[in-house]
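Novice: I have a structure I would like to understand better, so I am pasting it below and will then ask my questions one at a time.
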Amino acid sequence: MASRDLTAKDLTARELRTHLDETRAALRARLAPSLERTLREALVDLEPLLGPRALAERLRRLAAASYVEADVPTQSRIPGLAVVKRGVHALVAWYVRAIVQQVNTFAFETAGVLEAVSIKLDEFERRLGAVEAPSVAPATAITVPWPPGANAAIVAALTELEPGARVLVSDATNDDLATALAAAGLDVLGTSLDQEAADALAADGIDVRILTMNELLDATAPGSIDAVVLRGTEVEFSDVTAKRRLIASARRAAKGPVVLVWNEPERLAAEPSLAGVLALHPGPLPKAAWELLLAERGERPVLAPVADGLTMAVLPG
Numbered sequence: 001m002a003s004r005d006l007t008a009k010d011l012t013a014r015e016l017r018t019h020l021d022e023t024r025a026a027l028r029a030r031l032a033p034s035l036e037r038t039l040r041e042a043l044v045d046l047e048p049l050l051g052p053r054a055l056a057e058r059l060r061r062l063a064a065a066s067y068v069e070a071d072v073p074t075q076s077r078i079p080g081l082a083v084v085k086r087g088v089h090a091l092v093a094w095y096v097r098a099i100v101q102q103v104n105t106f107a108f109e110t111a112g113v114l115e116a117v118s119i120k121l122d123e124f125e126r127r128l129g130a131v132e133a134p135s136v137a138p139a140t141a142i143t144v145p146w147p148p149g150a151n152a153a154i155v156a157a158l159t160e161l162e163p164g165a166r167v168l169v170s171d172a173t174n175d176d177l178a179t180a181l182a183a184a185g186l187d188v189l190g191t192s193l194d195q196e197a198a199d200a201l202a203a204d205g206i207d208v209r210i211l212t213m214n215e216l217l218d219a220t221a222p223g224s225i226d227a228v229v230l231r232g233t234e235v236e237f238s239d240v241t242a243k244r245r246l247i248a249s250a251r252r253a254a255k256g257p258v259v260l261v262w263n264e265p266e267r268l269a270a271e272p273s274l275a276g277v278l279a280l281h282p283g284p285l286p287k288a289a290w291e292l293l294l295a296e297r298g299e300r301p302v303l304a305p306v307a308d309g310l311t312m313a314v315l316p317g
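In full-length UniProt numbering, the protein residues as written are 1 to 317.
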């Protein structure tokens with residue numbers, strides 16, 4: 001009977017079993033032993049993952065591993081719908097969990113970046129703290145030599161200003177220059193670090209601020225001053241960087257001329273009272289250095305000797 005084609009109606013149960021065994025033996029004979037072994041091992045590995053129980057267990061584990069705590073009903077009287085509900089619930093839970101993990105990862109990485117930036121800022125602060133501050137003018141009132149006749153030269157340089165013009169004067173309490181400018185009809189605003197001398201000038205109607213000229217110029221609107229007179233402590237005893245800043249600030253604030261007056265280093269060195277100041281603040285420059293410093297800014301000043309060792313440069317407005 002195995003030699004002819006049979007149908008299920010033609011076979012008894014025993015004959016059908018015999019036919020199936022013969023067919024299986026024939027198919028097995030045609031398969032290579034290695035392929036048969038591979039298929040058998042694959043079937044053994046897949047068996048725990050197949051079937052309704054295995055699928056339900058996998059969905060349960062997936063839902064349990066998620067961050068979804070809501071008790072969503074997944075039961076249904078319709079056959080197969082409960083499995084679909086559990087599958088949707090598990091997939092949504094997995095998706096929410098993935099999103100939360102991404103947010104947590106981003107927050108963690110952002111915190112790491114902020115911590116790295118904070119460390120860098122702390123390092124920069126330590127480096128800046130280790131750098132010595134540049135030499136600036138003394139923070140106390142210093143009397144700089146001011147020869148007779150110097151006031152007249154400064155007043156003459158500002159004769160083109162109208163009466164009541166606003167003029168800034170550094171080291172206003174060093175001598176009587178502020179008084180001479182006020183007598184010429186100018187509105188004088190001076191700077192000084194000597195409180196008592198500033199109070200004395202205030203009694204004469206001259207406004208003197210207890211500030212450095214750089215501080216006053218920083219607080220002055222551009223073009224709001226008619227003229228500026230730079231001389232004294234900040235001009236003589238500051239470093240080159242501070243001198244450049246002082247000149248630039250004065251040019252920005254003044255819509256008119258800027259008068260710059262300085263002493264030759266030899267003249268200051270001859271003053272016994274300035275020996276300690278020169279040792280701490282070696283800032284005075286000779287005439288040639290001042291000319292070079294002004295040329296760097298493209299200035300073409302009018303130079304005029306005021307007295308022996310004292311030079312005035314007028315920067316036109």
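Even for Gly, the Cβ is constructed at its ideal location relative to N, Cα and C.
1. So P301 packs on L294, CB below 8 Å; how close in whole Å?
2. Should the region 226 to 236 be regarded as contacting the region 251 to 261, the criterion being three or more beta carbon pairs within less than 8 Å?
3. How many angstroms separate the CA atom of G298 from the CA atom of L201?
4. How big is the Cα-Cα spacing for T110 and V117?
5. Report yes or no: do three or more beta-carbon pairs, one from the region 182 to 194 and one from the region 238 to 257, lie closer than 8 Å?
6. Can you check which of these residues, L280, A98, A198 and K243, is closest to R209 by C-alpha distance?
7. What is the residue span of the beta strand (DSSP E) that D187 lies within?
8. For the region 179 to 240, list the beta strand (DSSP E) runs that are entirely contained and at least 3 residues long, ordered along the chain.
9. Helix, strand or coil: which one does DSSP assign to L91?
10. Mapping the DSSP letters down to three states, classify A304 as helix, strand or coil.
11. Check this for me: beta carbons of L177 and A157, under 9 Å apart or not?
12. I'd like the span of the beta strand (DSSP E) that includes residue 406, first residue to last.
13. Determine the DSSP secondary structure at W290, reduced to helix, strand or coil.
14. Given Q195, which residues of its chain have a CB within under 7 Å of its CB, disregarding the five upstream and five downstream residues?
15. Under the rule that 16 or more other beta-carbon atoms within 10 Å means buried, what is D226, buried or exposed?
16. Output needed for A307: all residues of its chain with C-beta closer than 7 Å, excluding positions within five of it in sequence on either side, in chain order.
17. Apart from the five residues on each side of it in sequence, which residues of its chain come closer than 8 Å, Cβ to Cβ, to G309?
18. Whole angstroms is fine: what's the gap from D218's alpha carbon to V100's?
19. In this structure, does DSSP put V155 in helix, strand or coil?
20. Quick check on DSSP: helix, strand or coil for V277?
21. Taking L260 as part of the beta strand (DSSP E), name the residues at either end of that continuous run.
22. Within 10 Å of its beta-carbon, does residue 369 have 16 or more other beta-carbons around it, so buried, or fewer, so exposed?
23. Of all the options E123, L181 and L114, which has the alpha carbon lying nearest to the alpha carbon of P163?
24. Within 10 angstroms of its Cβ, does N104 collect 16 or more other Cβ (buried), or is it exposed?
25. Tell me which residues share the same chain as A289 and place their Cβ nearer than 7 Å to its Cβ, disregarding the 5 neighbours each side in the sequence.
26. Throw me the rounded Cβ distance for the E236 and L246 pair, which I believe falls under 8 Å.
27. Please return the same chain residues whose Cβ sits closer than 7 Å to the Cβ of E132, not counting the five positions on each side in sequence.
28. Pick helix, strand or coil for R14, following the three-state DSSP scheme.
29. Looking only at its chain, what residues have a beta carbon closer than 8 Å to the beta carbon of D204, apart from the 5 residues adjacent to it on each side?
30. So which of L16, G112, A221 and K85 has the shortest CA-CA distance to L168?
31. From the DSSP secondary-structure annotation, give me the bridge partner or partners of V166.
32. Using a threshold of 9 Å, state whether the C-beta atoms of G190 and A172 are closer than that.
Specialist: Considering the structure as presented:
1. Taking a contact as a CB-CB distance under 8 Å, the pair P301 and L294 counts as one, their CB atoms being some 6 Å apart.
2. yes
3. Per the coordinates, the alpha-carbon of G298 lies some 36 Å from the alpha-carbon of L201.
4. Rounded to whole angstroms, T110 to V117 spans 11 Å at the Cα level.
5. Contact between the region 182 to 194 and the region 238 to 257 is absent, with fewer than three C-beta pairs closer than 8 Å.
6. Of the candidates L280, A98, A198 and K243, A198 places its Cα closest to the Cα of R209.
7. D187 to T191
8. 187 to 191, 207 to 209 and 227 to 230
9. helix
10. strand
11. no
12. Within the shown structure, residues of the chain are numbered from 1 to 317, placing residue 406 beyond reach of any answer.
13. helix
14. I210
15. Answer is buried; the Cβ neighbour count reaches 16.
16. P147, G149 and A150
17. The answer, listed in chain order, is N263, E264, E266 and R267.
18. 52 Å
19. Note: V155 maps to helix in three-state DSSP.
20. helix
21. V258 to N263
22. The displayed coordinates of the chain run from 1 to 317. Any statement about residue 369 would go beyond what the structure contains.
23. L181
24. exposed
25. none
26. Not confirmed; about 11 Å, so no contact.
27. In this predicted model, E132 has a pLDDT of only 48, less than 50, meaning its place in the structure is not dependable; the value taken from the coordinates is given anyway. Once the five neighbours on either side are set aside, E132 has no close Cβ partner at all.
28. DSSP, read as helix, strand or coil, puts R14 in helix.
29. T179 and A182
30. A221
31. The amino acid at residue 166 is misidentified as Val; the sequence shows Arg. In the DSSP output, where bridge partners are listed per residue, R166 has D187.
32. yes
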